[in-house]
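Colleague:
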Amino acid sequence: MRGSGARAGAAGLGCSGGGSPAPLWTCLLLCGALRSLLASPSNEVTLLDSRTVMGDLGWIAYPKNGWEEIGEVDENYAPIHTYQVCKVMEQNQNNWLLTSWISNEGASRIFIELKFTLRDCNSLPGGLGTCKETFNVYYFESDDADGRNVKENQYIKIDTIAADESFTELDLGDRVMKLNTEVRDVGPLTKKGFYLAFQDVGACIALVSVRVYYKKCPSVIRNLALFPDTITGADSSQLLEVSGSCVNHSVTDEPPKMHCSAEGEWLVPIGKCMCKAGYEEKNSTCQAPSPISIVKKGKIAKNSIFLSWQEPDRPNGIILEYEIKYFEKDQETSYTIIKSKETKITVDGLKPASTYIFQIRARTAAGYGGFSRRFEFETSPVSVAASRDQSQIPIIAVSVTVGVILLAVVIGFLLSGSLFCSRRCGYSKAKQDPEEEKMHFHNGHIKLPGVRTYIDPHTYEDPNQAVHEFAKEIEASCITIERVIGAGEFGEVCSGRLKLPGKREFPVAIKTLKVGYTEKQRRDFLGEASIMGQFDHPNIIHLEGVVTKSKPVMIVTEYMENGSLDTFLKKNDGQFTVIQLVGMLRGIASGMKYLSDMGYVHRDLAARNILINSNLVCKVSDFGLSRVLEDDPEAAYTTRGGKIPIRWTAPEAIAFRKFTSASDVWSYGIVMWEVVSYGERPYWEMTNQDVIKAVEEGYRLPSPMDCPAALYQLMLDCWQKDRNSRPKFDEIVSMLDKLIRNPSSLKTLVNASSRVSNLLVEHSPLGSGTYRSVGEWLEAIKMGRYTEIFMENGYSSMDAVAQVTLEDLRRLGVTLVGHQKKIMSSLQEMKVQLVNGMVPL
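For the sequence shown, the residue numbers in mature numbering (1 follows the signal peptide of the UniProt record, and there is no 0) are -39 to -1, 1 to 802.
1) In this structure, does DSSP put VAL428 in helix, strand or coil?
2) I think ASN97 touches GLN160, with their Cβ atoms under 8 angstroms apart; what is that distance to the nearest whole Å?
3) Spell out a yes or no on whether the stretch 208 to 224 and the stretch 303 to 319 are touching, meaning 3 or more CB-CB pairs, one atom from each, closer than 8 angstroms.
4) Can you tell me whether DSSP reads LYS260 as helix, strand or coil?
5) Between the alpha carbons of TYR732 and LEU788, how many angstroms are there, rounded?
6) Are the beta-carbon atoms belonging to ILE266 and PHE332 less than 8 angstroms from one another?
7) With a threshold of 8 angstroms, are at least 3 pairs of Cβ atoms found where one atom belongs to the stretch 288 to 300 and the other to the stretch 308 to 322?
8) Beta-carbon separation of TRP227 and MET235 under 8 angstroms?
9) Is it right to say THR648 is buried, meaning 16 or more other beta carbons lie within 10 angstroms of its own, or is it exposed?
10) If you run the structure through DSSP and keep just helix, strand and coil, what is LYS699?
11) For MET235, name the three-state secondary structure that DSSP assigns.
12) When you compare only the Cα positions, how much space is there between LEU8 and ILE63?
13) I'd like to confirm the pairing. Which residues does DSSP put opposite LEU459 in its beta bridges?
14) DSSP beta-bridge partners for ASP120?
15) Under a Cβ-count criterion, where at least 16 other Cβ atoms within 10 Å of its own Cβ denotes burial, should GLN495 be classed as buried or exposed?
16) Tell me the rounded alpha-carbon separation between SER786 and ASP667.
17) State the start and end residues of the unbroken alpha helix (DSSP H) segment that holds CYS679.
18) In whole angstroms, give me the CA-to-CA distance for GLY67 and ASP196.
19) Can you give me the C-alpha to C-alpha distance between GLY(-8) and LEU140, rounded to a whole angstrom?
20) Just to confirm my understanding: we take THR191, look at its own chain, exclude 5 residues before and 5 after, and list those with CB closer than 7 angstroms. What are they?
21) Would you say TYR415 and MET553 are within 8 angstroms of each other, going by their C-beta atoms?
22) Where SER686 and SER624 are concerned, what is the direct C-alpha to C-alpha distance, given to the nearest angstrom?
23) Could you check if VAL144 is buried or exposed, using at least 16 other CB atoms within 10 Å of its CB as the buried criterion?
24) Tell me the DSSP secondary structure of TYR175 in three-state form.
25) With H, G and I counted as helix, E and B as strand and the rest as coil, what does DSSP make of ASN141?
26) So, helix, strand or coil for ALA(-18), using DSSP?
27) Quick check on ILE573: does DSSP put it in helix, strand or coil?
28) Can you grab the Cα-Cα spacing for the pair THR95 / ILE501, in whole Å?
29) Going by C-alpha to C-alpha distance, which of ALA470, LYS25, LEU459 sits closest to ASN56?
30) Where does the unbroken beta strand (DSSP E) through ARG324 begin, and where does it stop?
31) Helix, strand or coil: which one does DSSP assign to GLY630?
32) Quick one: does GLU74 have its CB under 8 angstroms from some CB of chain D?
33) Taking LYS512 as part of the beta strand (DSSP E), name the residues at either end of that continuous run.
34) Which residues does DSSP pair with GLY330 in a beta bridge?
35) Once you ignore the five residues that flank ALA249 on each side, which residues in its own chain have a CB closer than 6 angstroms to its CB?
36) Measure the alpha-carbon distance for VAL637 versus PRO663 and round it to whole angstroms.
Next up, the structure:
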């Protein structure tokens, strides 16, 4: 396909200013679109790279006058394979280019990187209506090299590829044409190899290079354990647990493990190896760096000091990093440690007009050297600027200005020494002591003694200030990660242990921020900690602290053994007494009362966001504001302000985005229904739009089976359309306390016939349009074994079945609780559908 035929195929693509049209690849070289080949990252294994194949690629084009291969060389005179097609003058194009067989080398997920240029159809003579600006990519799996000649319809489409930038003849003349790069992934692959196919349907395109690769976690030694090359999993969110082997002369009590992510990164190390006796690492003063002798101060501000220093006189190796230890003078027991890879750093978060002590030490592969001597530096005082030209302003205005300045000074003195507390094991506690008889100033908010007010961390100009204001900084060395227990929005969720100085080790949950995060992801991730750190209540998940000064960034909370409440209830269906369920609800209400009193609106209160420990204590969690409105899997209804979890959200919040404590009360009513129904999905399989319509028309969820009437009435109170008519959380707590103190009040159950009595329309018996027979209905819900019993006892029509109560089921011999629940739930759901016009009469 080389020579005149190739050149003819490039008609209309030539560079201007050069006489006759040249092949497109020649244009690319002349126009400087591609200058060098970049090396692949170490975690990528290339299966095919058309740019590096010296001989024939062995690709097939059909029809033969479609895709054409252009043989050229790059600026280093290395041969390059480029395919192009430009049949825009002819209609009904269907040109295929098939690669040779590619072995996947055991990978179940592969990536395809395409580099190409594409002509803008509008730039062609006459603006051809048949011209396209896309092409298609397909693949076909095969265990051997005999699968290339299968039919087109046997290939599986990967995607339609479009160009971010298309070129015109003017672009060629100006020599500014750029390559498009697109990457697609395919998986899971189940055979030994595959073919790729490229289909042109009428575009003017040049396929410059094709690179096929898979990702792996490269072999690494971590904590004296060797972890081998590991091919990533087929799923983009999959974590593969990999066991490591101890290196020579090392042993372990706990097998070391790490997790290979889908992006080829090693995450979450667990366990480690230790040197055998006699093989321990020997650190001596020949090996560790000598102490740093010179530390200089640079720019000083009221909250920060710039430091620089010289390398140690005897580094004894390559300096890997420096450790800076500092503390307020005369407060040596409370210090902070930060790290730097450079010989300079700006230490911020300091107090104005305060003296700080700094010490610095260096680390090489042999370990840390000794700390430098103490260097003492002072931050600058708060500057106060006021106009002194009293002739320019009225005397009253001057008096007011002076008064404001004096007030600011008084507040400043009151604040002195109150914003920061001790920092042990590298962490600081910045929350205020409610007993302290002082006024505190937080980012523009004045907090009076004894009054706790929630402060939105998004009001801080610097999010790092917010997280350090409300959360403790923990050194990573205090944390031991044991196992992965789930995946969160930003990374993995692990269980582990936290050991703080002077305290016993205790279990914790650890959220990690995945590698390669953006600054926005880091801000959103730590935003939850900034919120959680303001709360201190037995029914609110407790924040232990954060790790921000080393990687991975972590949020550390108390560990809740039983996980999320909805999952826990589903696993333990029917296993708790009514009093136990009410106790769970009381705890949730108490936590929400605390949040409401602080002025915090949760906006995503649901059983999935309640955690429960081994003592059945429920705690409100999940305070990620951006996740609530944008990324919740239940948030399927979009408004101009983001997504909302419809089934748990009050009508005014859906319609007008009016989120208040009253809307949280509505959500609490749904949580009550979830708890009493043991994790049943609210509104079952109704669509979100049907839920919105039904609620707006007055429909409310029917009572769960065996629900005390008092609890269901409280649910209905929470679901009042007028938000001002709903109970407050303190009233809910009082009501539940009364029920717990008087268990007999929970014995009266909602009558089965009145479970839909709150409907605002008159309902008719179930029609025959739902199921043609009782037997068909029972088979549909996998309860067909009871068909004969129903028929023998006179329940031969759906109208008769509609009147069945729980007592009737027990009389019929349906004794299994799960079967009773399935039958009653099905009847309730059909009644709901009937009321909303979803079941024909």
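Yeah, the Cβ is synthetic: ideal placement off N, Cα and C, and Gly gets one too.
Modeller: Taking the geometry as given:
1) Within the sequence shown, the letter at position 467 stands for residue 428. Helix.
2) Locating residue 97 in the sequence shown gives position 136, counting from the first residue. Locating residue 160 in the sequence shown gives position 199, counting from the first residue. So it is a contact: roughly 4 angstroms between Cβ atoms.
3) no
4) As a position in the sequence shown, residue 260 is number 299, starting the count at 1. Three-state result, LYS260: strand.
5) The count along the sequence shown starts at 1 and reaches residue 732 at position 771. The count along the sequence shown starts at 1 and reaches residue 788 at position 827. Taking the straight line from one Cα to the other gives about 12 angstroms.
6) What you label residue 266 is simply residue 305 of the sequence shown in a count that begins at 1. What you label residue 332 is simply residue 371 of the sequence shown in a count that begins at 1. Result no, Cβ atoms of ILE266 and PHE332 do not sit closer than 8 angstroms.
7) yes
8) Within the sequence shown, numbered from 1, the residue matching residue 227 stands at position 266. Within the sequence shown, numbered from 1, the residue matching residue 235 stands at position 274. For TRP227 and MET235, no; Cβs fall outside 8 angstroms.
9) As a position in the sequence shown, residue 648 is number 687, starting the count at 1. Classification of THR648: exposed, given that the 10 Å Cβ count is below 16.
10) As a working mapping, residue 699 is identified with position 738 in the sequence shown. Three-state result, LYS699: helix.
11) On the sequence shown, position 274 is the one that residue 235 refers to. Here MET235 sits in strand by DSSP.
12) Indexing the sequence shown from 1 puts residue 8 at position 47. Indexing the sequence shown from 1 puts residue 63 at position 102. Approximately 7 angstroms between the Cα atoms of the pair.
13) To locate residue 459, count along the sequence shown from 1; it is residue 498. The partner list for LEU459 (beta bridge, DSSP) reads ILE440, PHE467.
14) Locating residue 120 in the sequence shown gives position 159, counting from the first residue. Looking at the DSSP assignment, ASP120 forms a beta bridge with VAL98.
15) On the sequence shown, position 534 is the one that residue 495 refers to. Burial call: buried.
16) For the purposes of this step, residue 786 is identified with residue 825 of the sequence shown, where counting begins at 1. For the purposes of this step, residue 667 is identified with residue 706 of the sequence shown, where counting begins at 1. Between SER786 and ASP667, the C-alpha separation is close to 12 angstroms.
17) Taking the first residue of the sequence shown as position 1, residue 679 is located at position 718. 670 to 679 is the span of the alpha helix (DSSP H), which, as asked, contains CYS679.
18) Along the sequence shown, read from residue 1 onward, the residue named residue 67 stands at position 106. Along the sequence shown, read from residue 1 onward, the residue named residue 196 stands at position 235. Approximately 15 angstroms between the Cα atoms of the pair.
19) Residue numbering aside, residue -8 sits at position 32 when the sequence shown is read from its first letter. Residue numbering aside, residue 140 sits at position 179 when the sequence shown is read from its first letter. Legend: pLDDT at GLY(-8) = 37, less than 50; position of this residue unreliable, value from coordinates given subsequently. When rounded, the distance between both Cα atoms is 10 angstroms.
20) Taking the first residue of the sequence shown as position 1, residue 191 is located at position 230. Correct list, in chain order: LYS177, CYS178, LEU201, VAL203, CYS221.
21) Your numbering for residue 415 matches position 454 in the sequence shown. Your numbering for residue 553 matches position 592 in the sequence shown. Not closer than 8 angstroms, so no.
22) Translated into the one-based positions of the sequence shown, residue 686 becomes position 725. Translated into the one-based positions of the sequence shown, residue 624 becomes position 663. Their backbone Cα atoms lie some 11 angstroms apart in a straight line.
23) As a working note, residue 144 is residue 183 in the sequence shown. So VAL144 ends up on the exposed side.
24) Within the sequence shown, numbered from 1, the residue matching residue 175 stands at position 214. TYR175: strand per DSSP, three-state reduction.
25) Along the sequence shown, read from residue 1 onward, the residue named residue 141 stands at position 180. ASN141 falls in the strand class under three-state DSSP.
26) In the sequence shown, the residue the question calls residue -18 occupies position 22. Residue confidence is low: ALA(-18) scores 35 on pLDDT, short of 50, so the model does not pin down where it sits. Its coordinate-derived value is still stated next. Three-state DSSP puts ALA(-18) in coil, outside helix and strand.
27) Position 612 of the sequence shown, counting from 1, holds the residue named residue 573. Reduced to three states, the DSSP call for ILE573 is strand.
28) Walking along the sequence shown from the start, residue 95 turns up at place 134. Walking along the sequence shown from the start, residue 501 turns up at place 540. Computed Cα separation, rounded: 53 angstroms.
29) As a first step, residue 56 must be located in the sequence shown, where it is residue number 95. Ranking ALA470, LYS25, LEU459 by Cα distance to ASN56 puts LYS25 first.
30) Your numbering for residue 324 matches position 363 in the sequence shown. That run of the beta strand (DSSP E) goes 316 to 325.
31) By one-based count along the sequence shown, residue 630 stands at place 669. The answer is helix: DSSP assigns GLY630 an H, G or I state.
32) Absent here is chain D; the protein component of the structure consists of one chain.
33) Start at 1 with the first residue of the sequence shown, and residue 512 comes out as number 551. Careful: LYS512 lies outside any beta strand (DSSP E) and carries neither H nor E.
34) Here residue 330 refers to the residue found at position 369 when the sequence shown is read from its first residue. Per DSSP, none; premise fails for GLY330.
35) Along the sequence shown, one-based indexing puts residue 249 at 288. Excluding positions up to five away in sequence, the list reads ALA327, GLY328, GLY330.
36) Counted from its first residue, the sequence shown places residue 637 at position 676. Counted from its first residue, the sequence shown places residue 663 at position 702. So the alpha carbons of these two residues sit roughly 12 angstroms apart.
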